[in-house]
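These protein sequence lines map, in sequence, to chains A and B.
Residue numbers 1 to 757, in our numbering, belong to the letters of the first sequence in order.
Residue numbers 1001 to 1159, in our numbering, belong to the letters of the second sequence in order.
Here the structure is laid out as structure tokens; the discussion comes afterwards.
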Amino acid sequence: MSKYSVIGTRVHRVDGVEKVTGTAKYTFDMVLPNMLYGKILRSPHPHAKILSIDTSKAEKLIGVKAVVTGKDTIGKKQGIWRRFPELCDEEILCREKVRYIGDAVAAVAAIDEDTAEEALDLIEVDYEPLPAVFNPMEAITEEAPQIHEGVELNININRHLEWGNVDDAWKDCDHIIEEQYVCSSQAHVCMETHDALASFDHNGKLTIWTSTQAAYYIQVLAADMLGIREGDVRCINPYTGGGFGSKFELDSAQFCAALLSQKIRRPVKIVLNREEEFTATKRRTPMYYFVKLGAKKDGTMLAKEVRVITEGGAYTAMGATALYLTGFFSSFPYKYPNYRYDGYRAYTNTAPTSAMRGFGAPQSTFVGESMIDNLAEDLGIDPIEIRRKNGMTPNYVVPGQAWIQSCGLHECLDAIEKHVKERGKLPPNRGIGVSAYGFMSGGIFNWFDTPYAFSSAIVRINIDGKVDLFTGANEIGQGSNTTLSMICAEALGVKLDDIRIHSADTGICPPDLGAWGSRETLMNGNAVKRAAEDAKNQLIEFAAAKMGINIVYDMDIKDGWIHLVDRPERGVSYYDIVKDAIRGKDGEAIIGRGHYTPHRKGMISPAYSFGVQAAEVEVDPETGRYKLVNVTTAHESGTVINPVGIEGQLEGAIMMAGGYGFCEDQPMDEGKILNPSIADYKLIRALDMPETEILEIDTYEPEGPFGAKEAGEGLTNPTAGAIGNAVYKAAGVRIRHLPITPEKVFRALEAKKKQEK
Amino acid sequence: MKHELKFTLNGQPYEIYIKPKTLLVEVLRDELGFTGTKRGCSSSSCGACTVMLNGASVKSCSILALQANGAEVVTVEGLAKGAELHPLQKAFLDHGAFQCGFCTAGMLMSARGLFEENATPDVMTIKEAIDGNICRCTGYNSIVRALTAVSKGEYKEES
């Protein structure tokens, strides 16, 4: 029997009933009295000077209440990089220059959306088109136009990682392979598009409801861009219809709604339409990979050298972190004694590229896992065996970078090996590819320069024993409200139903960096656990006093029973003690506080999860069409807090990461995205979904709450590589350019036939 | 020039005046405040706005509200009977068949349409029925498991 009462049990989501009955309110659903509707005018040019903007006709249109342009702003450039001001490079409402098709130049608030739309047509912008550059390899040449003043060769940022001595190591290698790979873009496609409802009152206080992953960031960044104090902005994240990395920076809907409301002092709501969502929000970073990998005959990998050039698009966004993480995770999940990474992020006149679930690691894992299969085949070693030989183990230190504590990679390899054997001899044209991965449980990055703890929580116990849990964590669908409520209930020793969570409202909740980097379970979970324990200890003091027990006994609370740990039958009811304790505190509710900031855990993350995935495909050798038959994942994420949540993360990741490997792409012509609609942007639908199996591997992470670590983004890392390896096994062709479309498989098969002739 | 629209929504008759170009989803959400029904694309390709019209599931962004004149419309708000959840809703809760919840109303109404036609659909029929509904969170398989459980009679409507 589990030692836990709540953790690890299959529960309904705490927001479940609201979501199945249609009563959960999203920003998209909100209406305030006197509210106006906003629309944003965007640049049709990839690169142009703004000579003038004439809004006079739009302002005269009946029903239009306010028009803003860059001239109405305080002229600041925004970015999450408060410690690195040179990386804050986005005005949101451009004043002098536009840098991609979709850059915002003006915004209108009107009595309805139709009027606002009509007003956009009446705004006259005089542009002087400038030469533009779209490909990062061209952007870093002398001939390319300069996109940001003072940025030489359009190199936005570079990153270097190195340990061991790569140059010396090559001579010890028996076999070296060198390859180039291209990782494509991907759109987040949140079902709820970016939206915001901003309301300035006449005292100059702003409330902004928005679909976001990080209410605290939006509070601070909006204040900064509007020139007001942080404390005068309250950001509330009601239910959010998906994030996946697209919603933790200040966006055009939030900023324009707030600016319009500041001007007109009425609530203004802006909802991006689906085309804007595809063209004028951020996306996964396309990367050009150049990799050299060397090993001994026995498969021991001695050295890896990785060079990457990423397509940055028009602004830094979160792309600098993606550049860093793709370099770090290119070494994952293996023990390279010698490793070197150089990454360059180039500005281009395309939609900015940024964070997306996996944050640079799906790219590095696709490339790395394809290369390892390649190497294994050359050396005549089984693909699982070569991974076993080099795979990370518990307590491994990535030199100068990271300290891995728990690691169940080898158990995952064993489980997948067993799975592959059980599939037996496959029918013709089928193949199984494997891919190993790891990921971080939240980043130890503070480019935002927050003075607060990374996560904080407050627990308030009321007279009837009900608990209000206040946390800055952001529920975006991933289930943090449920998981954190479970942690709170377990730590306090009460029922899940006793907890009422209040999250991501900066007016009432303590700050939290938000739902990105797979950080909420570990970081916020630790804060919640500590807050619950603080409250619990206060109750135990009262119980001990009341019961007059010998001080040698330890006391605990479980299932609403405050008891002696060694003599559980001796105890009192939690609900009774709460009543006494509140009286004993002169009527003050019991309040517990907890916070968490990682310390002494290296540069990257306090903990890492691992896994191995096997994808089985069936390829039609005539047409190159192929089907995803089965995807089985052996996965470890420490103690499983919320099993239903983990299953959902895992299967959902296969839809998204399978799409990245299989069909999702954003082709462009001169900086214009050619498929900005759900009809044209191909996603995996119900009929395309493969069977999915989960093999949960037990591990315990000392740094995590109750031993838990991440289970969100890591799962998006392996799938493209596993598909690539499976296609190679099934059809004998290696595709090095994502996505692995049937057309690419067909062309590779044709080329192979020609060569064989 | 506004036109009269008379229809029944979740069992309640309504008589309202609307512009002729108003879409059914706009009447439901903006005119009547039934915001459980969502919009994800406005091009009839995501399924978030699916509702029941005379017993069949339709995408409410793809039809004019006036086409629903005289019809019976059911939205997600019409599934539960008071505090008693509909079997589909219970199955979704038990199987974790949603995460962010934004596609859920449409998914439930596509499923409702399926079960109106076929009380015991098999897995392939279930997948076909929800193939027009995009879910970016779950990967669909938990939804298919929930609907399979309903198909097997594990969730009975209380009479």
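Glycine included, each C-beta is placed from N, C-alpha and C at the ideal position.
- Item | Positions along the region 10 to 22 of chain A whose CB lies within less than 9 Å of some CB in chain B | Arg10, His12, Arg13, Asp15, Gly16, Val17, Glu18, Lys19, Val20, Thr21, Gly22
- Query: Comparing alpha-carbon positions, which option in A:Ala107, A:Val398, A:Glu490 lies nearest A:Ala535?
  - Reply: Start at 1 with the first residue of the first sequence, and residue 535 of chain A comes out as number 535. Comparing Cα positions, the closest option is A:Glu490.
- Can you pull the chain B residues whose beta carbon is under 7 Å from the beta carbon of A:Gly652, in chain order? By one-based count along the first sequence, residue 652 of chain A stands at place 652. Near A:Gly652 (Cβ distances below 7 Å), the residues of chain B are Gln1099, Cys1137, Thr1138, Gly1139.
- Message: Closest to B:His1003 by C-alpha separation, out of B:Lys1019, B:Asn1010, B:Cys1046, B:Lys1090, would be which residue?
- Response: Numbered from 1 along the second sequence, position 3 holds the residue referred to as residue 1003 of chain B. Of the candidates B:Lys1019, B:Asn1010, B:Cys1046, B:Lys1090, the one whose C-alpha sits nearest the C-alpha of B:His1003 is B:Lys1019.
- Are three or more beta carbon pairs between the region 607 to 618 of chain A and the region 415 to 433 of chain A nearer than 8 Å? yes
- Query: For A:Glu377, which option in A:Arg734, A:Leu738, A:Thr316 has the closest C-alpha, if you only look at C-alpha atoms?
  - Reply: Along the first sequence, one-based indexing puts residue 377 of chain A at 377. The shortest Cα separation from A:Glu377 among A:Arg734, A:Leu738, A:Thr316 belongs to A:Arg734.
- Item | Backbone secondary structure at A:Met392 - three-state DSSP | Your numbering for residue 392 of chain A matches position 392 in the first sequence. Coil, per DSSP.
- Message: Using a Cβ-Cβ cutoff of less than 7 Å, which residues in the same chain neighbour A:Arg307 once the five nearest sequence positions on both sides are dropped?
- Response: Numbered from 1 along the first sequence, position 307 holds the residue referred to as residue 307 of chain A. Cβ neighbours of A:Arg307 beyond the five flanking positions: Phe290, Asp342.
- Cross-chain neighbours of A:Cys94 in chain B, by beta carbon under 9 Å: To locate residue 94 of chain A, count along the first sequence from 1; it is residue 94. Those within 9 Å of A:Cys94 in chain B number zero; the least Cβ separation is about 27 Å.
- Query: Which term fits A:Lys269, buried or exposed, when burial requires 16 or more other beta carbons within 10 angstroms of its beta carbon?
  - Reply: Here residue 269 of chain A corresponds to residue number 269 of the first sequence, with the count starting at 1. Looking at its Cβ environment, which holds 16 or more other Cβ atoms inside 10 Å, A:Lys269 is buried.
- Task: Can you check the region 446 to 526 of chain A for any alpha helix (DSSP H) of at least 4 residues that lies completely inside it and give the ranges in chain order?
- Result: 480 to 492
- Looking at the C-beta of B:Cys1061, does it have a partner C-beta in chain A at a distance below 7 Å? As a working mapping, residue 1061 of chain B is identified with position 61 in the second sequence. No, B:Cys1061 lies away from the interface with chain A (no Cβ there is under 7 Å from its Cβ).
- Query: Under 7 Å between C-beta atoms, does B:Gln1012 make it to chain A?
  - Reply: For this step, residue 1012 of chain B is matched to residue 12 along the second sequence. No - not a single Cβ of chain A is within 7 Å of the one on B:Gln1012.
- Message: So if DSSP puts B:Pro1013 in a beta bridge, which residue, or which two residues, is it bridged to?
- Response: Here residue 1013 of chain B is taken as the residue at index 13 of the second sequence, counted from 1. B:Pro1013 is bridged to B:Thr1008.
- Note down the Cα distance separating A:Ala730 from A:Tyr181, rounded to an integer number of angstroms. Taking the first residue of the first sequence as position 1, residue 730 of chain A is located at position 730. Taking the first residue of the first sequence as position 1, residue 181 of chain A is located at position 181. Cα to Cα, A:Ala730 sits roughly 20 Å from A:Tyr181.
- Item | Assigned exposure category for A:Met137 - 16 Cβ within 10 Å defines buried | Walking along the first sequence from the start, residue 137 of chain A turns up at place 137. So A:Met137 ends up on the exposed side.
- Message: Going by DSSP, what residue range makes up the beta strand (DSSP E) through A:Gly594?
- Response: Position 594 of the first sequence, counting from 1, holds the residue named residue 594 of chain A. Run containing A:Gly594: 590 to 596, per the beta strand (DSSP E) assignment.
- Beta carbon proximity, B:Phe1102 to chain A, threshold 7 Å: On the second sequence, position 102 is the one that residue 1102 of chain B refers to. Closer than 7 Å to some Cβ of chain A, the Cβ of B:Phe1102 qualifies, so yes.
- Between A:Tyr334 and A:Asn374, is the Cβ-Cβ spacing less than 7 Å? Here residue 334 of chain A corresponds to residue number 334 of the first sequence, with the count starting at 1. Here residue 374 of chain A corresponds to residue number 374 of the first sequence, with the count starting at 1. No. Outside cutoff.
- Item | chain B contact residues for A:Asn273, given Cβ-Cβ distances below 7 Å | By 1-based counting over the first sequence, the position of residue 273 of chain A is 273. The contacting residues are Ser1042.
- Message: Taking 8 Å as the cut-off, does the region 55 to 63 of chain A touch the region 629 to 637 of chain A (at least 3 CB pairs, one atom from each stretch)?
- Response: no
- When the cut-off is 7 Å and only beta carbons count, does B:Gln1067 lie next to chain A? As a first step, residue 1067 of chain B must be located in the second sequence, where it is residue number 67. Not closer than 7 Å to any Cβ of chain A, the Cβ of B:Gln1067 fails to qualify, so no.
- So, is the C-beta of B:Val1025 closer than 7 Å to a C-beta in chain A? As a first step, residue 1025 of chain B is located in the second sequence; it is residue number 25 there, counting from the start. Not closer than 7 Å to any Cβ of chain A, the Cβ of B:Val1025 fails to qualify, so no.
- Query: How about A:Gly712 and B:Gln1099: do their beta carbons lie closer than 7 Å?
  - Reply: Translated into the one-based positions of the first sequence, residue 712 of chain A becomes position 712. Translated into the one-based positions of the second sequence, residue 1099 of chain B becomes position 99. Contact flag unset, no.
- Determine the chain A residues that contact B:Phe1092 at a beta-carbon separation under 7 Å, and present them in chain order. As a working note, residue 1092 of chain B is residue 92 in the second sequence. Val20, listed in chain order.
- Residue range of the beta strand (DSSP E) that includes A:Lys304: For the purposes of this step, residue 304 of chain A is identified with residue 304 of the first sequence, where counting begins at 1. Run containing A:Lys304: 301 to 313, per the beta strand (DSSP E) assignment.
- Message: Let me see if you follow: with CB-CB separation under 7 Å, is B:Cys1046 close to chain A or not?
- Response: Residue mapping note: residue 1046 of chain B aligns to position 46 of the second sequence, counting from 1. Yes, B:Cys1046 lies at the interface with chain A (some Cβ there is under 7 Å from its Cβ).
- Using a Cβ-Cβ cut-off of less than 7 Å, list which residues of the region 672 to 686 of chain A approach chain B; keep chain order. Ser677, Ile678, Ala679, Leu683, Arg685, Ala686
- Task: Go ahead and pull the three-state DSSP assignment for A:Pro129.
- Result: Here residue 129 of chain A refers to the residue found at position 129 of the first sequence. Three-state result, A:Pro129: strand.
- Spell out whether any CB of chain B is found under 7 Å from the CB atom of A:Ala116. Residue mapping note: residue 116 of chain A aligns to position 116 of the first sequence, counting from 1. So no, A:Ala116 is outside the interface.
- Item | Contacts of B:Glu1128 in chain E (Cβ-Cβ under 7 Å) | Checking the listed chains, one finds no chain E in this structure; the protein chains it contains are A and B.
- Message: If we define contact as Cβ-Cβ less than 7 Å, is A:Met655 a contact residue for chain B?
- Response: Position 655 of the first sequence holds residue 655 of chain A. Chain B, which has a Cβ nearer than 7 Å to the Cβ of A:Met655, makes this yes.
- Looking at the structure shown, is B:Lys1127 part of a helix, part of a strand, or coil, going by DSSP? Taking the second sequence and counting its residues from 1, one reaches residue 1127 of chain B at position 127. Reduced to three states, the DSSP call for B:Lys1127 is helix.
- For the region 1067 to 1136 of chain B, which segments carrying the beta strand (DSSP E) assignment without a break, of at least 3 residues, lie completely within its bounds, in sequence order? 1072 to 1074
- Query: Counting Cβ pairs closer than 8 Å, one from the region 104 to 116 of chain A and one from the region 257 to 268 of chain A, do we hit at least three?
  - Reply: yes
- Message: Any beta carbon of chain A sitting closer than 7 Å to that of B:Glu1072?
- Response: On the second sequence, residue 1072 of chain B is found 72 positions in, with the first residue counted as 1. Not an interface residue.
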